[in-house]
Amino acid sequence: MKIAVIGSGTMGNGIAHTFAQFGFPVNLIDINEQALNNALNTISKNLDRQVAKGSLSEAEKSTTLSNITSFTDLKTGVENVDLIVEAATENLELKLKIFKDLDQFAKPEAILASNTSSISITQIASVTQRGAQVIGMHFMNPVPVMKLVEVIRGYATSDETTSLVMDLSKKLNKIPVEVNDYPGFVANRILMPMINEAIYTLYEGVAGVHEIDQVMKLGMAHPMGPLQLADFIGLDVCLAILKVLHEGFGNPKYAPCPLLVNMVMSGNKGVKSGEGFYNYSNGIKEATVSPKFKKPSN
Ligand SMILES: NC(=O)c1ccc[n+]([C@@H]2O[C@H](COP(=O)([O-])OP(=O)(O)OC[C@H]3O[C@@H](n4cnc5c(N)ncnc54)[C@H](O)[C@@H]3O)[C@@H](O)[C@H]2O)c1
Numbered sequence: 000m001k002i003a004v005i006g007s008g009t010m011g012n013g014i015a016h017t018f019a020q021f022g023f024p025v026n027l028i029d030i031n032e033q034a035l036n037n038a039l040n041t042i043s044k045n046l047d048r049q050v051a052k053g054s055l056s057e058a059e060k061s062t063t064l065s066n067i068t069s070f071t072d073l074k075t076g077v078e079n080v081d082l083i084v085e086a087a088t089e090n091l092e093l094k095l096k097i098f099k100d101l102d103q104f105a106k107p108e109a110i111l112a113s114n115t116s117s118i119s120i121t122q123i124a125s126v127t128q129r130g131a132q133v134i135g136m137h138f139m140n141p142v143p144v145m146k147l148v149e150v151i152r153g154y155a156t157s158d159e160t161t162s163l164v165m166d167l168s169k170k171l172n173k174i175p176v177e178v179n180d181y182p183g184f185v186a187n188r189i190l191m192p193m194i195n196e197a198i199y200t201l202y203e204g205v206a207g208v209h210e211i212d213q214v215m216k217l218g219m220a221h222p223m224g225p226l227q228l229a230d231f232i233g234l235d236v237c238l239a240i241l242k243v244l245h246e247g248f249g250n251p252k253y254a255p256c257p258l259l260v261n262m263v264m265s266g267n268k269g270v271k272s273g274e275g276f277y278n279y280s281n282g283i284k285e286a287t288v289s290p291k292f293k294k295p296s297n
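Each residue of the sequence shown is one higher than the one before, starting from 0 at the first, in numbering that gives the first Met the number 0.
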């Protein structure tokens, strides 16, 4: 089975890495050549880490890398593959355009999956002529490490497509969980309100970045605090998901915190831009937001 992965950012490189490691030939596609080069470097570094831990041999590392071919042209990258996992930027118009193109360029029997965090699979499927073969395959970050694949059935997704994607996820040594297509699915419907509340807690001056993360790590046994997790996910991605929840349910409880909106507008996107709630120029340093944040005077 041949795979194409569209988008080589935070998620796309991990998805390509995982398929390639389990023996699938992967076409990794991005419009940005630099993003493709960065992705191949990241994959190589992450494979080195697996080799150092003893979970992969040098030979397996080379085979994994040789399973990945990079493309900047969508048509050439997808025309001969059996499954496409789209992991481009979280933007509705962009995804609808990509799926319209995929429907045209991919083999009629190919399955079209999206790694979207929150955008409706049913809506994505509606711009194609193959709604039964469109599905959500939502990997978690970092993909080579995290066990879950949230498999999202759109309104038109067939049983056949669902079982194929469930079985395929198991071949990647993942645990698939099937859910229905409503805003945020399950993972982000629960996670994002918690992250947004953590940002509101900071915005209202209840506590600083470090304190908020410490409370959730030490008190709730979360491996990472919500603000650090938001930095890892990408603050732009968090904002996009909150907007989908807010619009999808029409409930003000999902309204993104104005501090998150400001940070994204000023280019502070978290790990990928070098600064979010923390500064990443020398590993994780002290929180960056608290000093800039002015507490309410009363
Ligand atoms: N970041 C996370 O933790 C996370 C977790 C699960 C799911 N997701 C989802 O995965 C998807 C990708 O997120 P990300 O965090 O990897 O984003 P990212 O910003 O790190 O990477 C997106 C990549 O898509 C590329 N791209 C944009 N338009 C394209 C096009 N037309 N064709 C090909 N490539 C294109 C960009 O050049 C960029 O390299 C989003 O739908 C997001 O919601 C993200």
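Glycine included, C-beta positions come from ideal geometry on N, C-alpha and C.
### Query
Is the segment 192-212 in contact with the segment 168-176, if contact means three or more CB pairs nearer than 8 Å?
no
### Query
Any heavy atom of ligand 1 within a distance shorter than 7 Å of the CB on Ile112?
Position 113 of the sequence shown, counting from 1, holds the residue named residue 112. The residue asked about is misnamed: residue 112 is Ala in this sequence, not Ile. Within 7 Å of the C-beta of Ala112 there is not a single heavy atom belonging to ligand 1.
### Alpha carbon of Thr156 to alpha carbon of Val77, nearest angstrom
Walking along the sequence shown from the start, residue 156 turns up at place 157. Walking along the sequence shown from the start, residue 77 turns up at place 78. Whole-angstrom Cα-Cα distance: 21 Å.
### Query
How many Å lie between Asn297 and Val205 at the Cα?
Position 298 of the sequence shown, counting from 1, holds the residue named residue 297. Position 206 of the sequence shown, counting from 1, holds the residue named residue 205. Residue placement at Asn297 is flagged as unreliable, the pLDDT there being 44, under the threshold of 50; a coordinate-derived value is accordingly withheld.
### Query
Comparing the CB of Ser272 with every heavy atom of ligand 1, is any distance shorter than 7 Å?
The residue given as residue 272 occupies position 273 in the sequence shown. Flag unset: Cβ of Ser272 not near ligand 1.
### Query
Would DSSP call Glu108 helix, strand or coil?
Within the sequence shown, the letter at position 109 stands for residue 108. Glu108: coil per DSSP, three-state reduction.
### Task
Please look up how many angstroms separate the CB atoms of Ala112 and Glu89, rounded, as I've assumed it's under 8 Å.
As a first step, residue 112 must be located in the sequence shown, where it is residue number 113. As a first step, residue 89 must be located in the sequence shown, where it is residue number 90. Approximately 15 Å separates the beta-carbon atoms of Ala112 and Glu89; this is outside 8 Å, ruling out the contact.
### Query
Out of Asp158, Val243 and Asp212, which has the shortest C-alpha to C-alpha gap to Pro255?
Here residue 255 refers to the residue found at position 256 when the sequence shown is read from its first residue. Minimum Cα distance to Pro255 is reached at Val243.
### CB contact flag (Val80, Ile14, <8 Å)
Here residue 80 refers to the residue found at position 81 when the sequence shown is read from its first residue. Here residue 14 refers to the residue found at position 15 when the sequence shown is read from its first residue. No, they are not a contact pair.
### Query
Hey, Asn66 and Val133 are a contact pair by Cβ (cut 8 Å); roughly how many whole angstroms apart?
Counted from its first residue, the sequence shown places residue 66 at position 67. Counted from its first residue, the sequence shown places residue 133 at position 134. Contact doesn't hold; Cβ gap of about 25 Å is too wide.
### Query
Quick one, are the C-beta atoms of Met193 and Pro225 less than 8 Å apart?
Residue 193 sits at position 194 when you count from the first residue of the sequence shown. Residue 225 sits at position 226 when you count from the first residue of the sequence shown. Closer than 8 Å, so yes.
### Message
Please state the DSSP three-state secondary structure of Glu92.
### Response
The count along the sequence shown starts at 1 and reaches residue 92 at position 93. If DSSP states are grouped into helix, strand and coil, Glu92 belongs with the helices.
### Query
Closer than 7 Å: is that where the CB of Asn278 sits relative to any heavy atom of ligand 1?
Position 279 of the sequence shown, counted from the start, is the residue given in the question as residue 278. Checking every heavy atom of ligand 1 against the Cβ of Asn278, none is found closer than 7 Å.
### Chain-order list of residues whose beta-carbon lies under 8 Å from that of Phe23 (same chain, five-residue window excluded)
If you number the sequence shown from 1, residue 23 lands on position 24. Met0, Lys1, Ile2 and Asn66.
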